[in-house]
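Structure first, then comments.
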Amino acid sequence: MSNCFQALGSVDPPGVVQYLDPIFTPRSARYSSKELFYVASLPGFTSLPRQLVPDGRRALQPPVYLYGWEIDRAKLGEYAEENNLREFVEKTVWLDEDEDEDDDKDEDEDEDEDEPKTRIIIAENESRTMLNVMYSLAKDVGLRLRPQCPLGSVLAQGTMVSFFALYSNYQLANAPLKTEIAALQDHLRACIGETEPPKWLPDDEEFQWRQLYLR
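Just so you know, my numbering puts the end of the sequence shown at 708, numbered straight through with nothing missing.
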């Protein structure tokens with residue numbers, strides 16, 4: 494992998510070795526649910542340890558870590574409402590018994606009583622709304638988001654948390670510049686009150702060591 498990522502500021506420089514919890518010892522065996530909950534209780538990293546930088550010379554490659562911010566869905570929802578970024582879709586729902594009985598009064602008596610009763614409603618697609626906000630905030634500062642889907646999910650706070658992902662430890666060569674991320678951080682502070690700096694947290698579906706992984 495190219496060494497151009499050394500100037501990112503989000504990765505430990507060569508020669509710096511962080512002490513890592515024994516849970517990060519490379520292993521081919523999958524992690525148990527108990528171990529994953531333990532990983533979720535750890536604070537994450539402001540600078541990615543060299544041990545978690547993919548290296549083709551090693552037998553096992555590290556778990557996927559995402560760099561960015563934990564999401565406050567309520568704040569992003571408010572921003573979406575204020576800036577006309579909410580997205581809606583048609584959704585089929587089952588009628589409850591009371592609604593079903595009311596509708597039956599208006600139906601043809603010959604209609605099959607066993608036919609399922611449903612209704613089409615308009616509902617918000619929350620994930621799409623969150624994505625609209627992320628892309629809009631990034632576009633405001635001229636930042637092109639690298640991941641195919643910046644709405645991630647990470648192990649944090651003892652559980653799984655929604656995440657605004659800028660890139661992963663497998664995308665270091667194409668990561669945004671420090672100046673771009675700093676501009677986005679200032680914009681997030683002004684628009685949604687985000688005061689925390691970006692950090693590294695583990696992808697909740699990709700926490701495992703493997704022989705080869707390209708992302």
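Each residue gets a CB set at the ideal place from its N, CA and C atoms; glycine is no exception.
### Query
Out of VAL654, ALA666, ARG550 and GLY645, which has the shortest C-alpha to C-alpha gap to LEU705?
ARG550
### Task
Report the residue ranges of all beta strand (DSSP E) runs contained in full by the region 652–700; include only those spanning at least 3 residues, in chain order.
652–661 and 692–695
### Message
Only counting the same chain, and skipping five residues up and downstream in sequence, which positions put a Cβ closer than 8 angstroms to that of VAL510?
### Response
PRO542, ARG543 and GLN544
### Query
Hey, PHE538 and TYR558: beta-carbon distance below 9 angstroms or not?
yes
### Task
Using the Cα positions of THR615 and PRO547, report the straight-line distance between them to the nearest angstrom.
The sequence shown places Ile at residue 615, rather than the Thr named in the question. Looking at the two C-alpha atoms, the distance is approximately 44 angstroms.
### Query
Mapping DSSP to helix, strand and coil, what is GLN544?
helix
#### Entry: Inter-residue spacing [alpha-carbon to alpha-carbon] between TYR572 and ALA552
45 angstroms
### Query
Excluding the five sequence neighbours on either side, which residues of its own chain have a C-beta within less than 6 angstroms of the C-beta of VAL582, listed in chain order?
ASN618
### Query
What do you reckon, are the CB atoms on LEU638 and SER655 nearer than 9 angstroms?
no
### Query
My guess is that LEU630 and LEU677 are in contact by the Cβ rule of under 8 angstroms, so how many angstroms apart are they, rounded?
7 angstroms
### Task
Assign ILE674 to buried or exposed, taking buried as 16 or more other Cβ atoms, counted over all protein chains shown, within 10 Å of its Cβ.
buried
#### Entry: Cα-Cα separation, TYR524 to MET653
16 angstroms
#### Entry: Rounded distance between the beta-carbons of TRP693 and TYR560, thought under 8 angstroms
5 angstroms
### Query
Taking DSSP as the reference, what is the three-state secondary structure of ALA631?
helix
### Outcome for ASP633 when other beta-carbon atoms lying within 10 angstroms are tallied against a minimum of 16
exposed
#### Entry: First and last residue of the uninterrupted alpha helix (DSSP H) at LEU636
LEU636 -> no alpha helix (DSSP H), and no H or E assigned at all.
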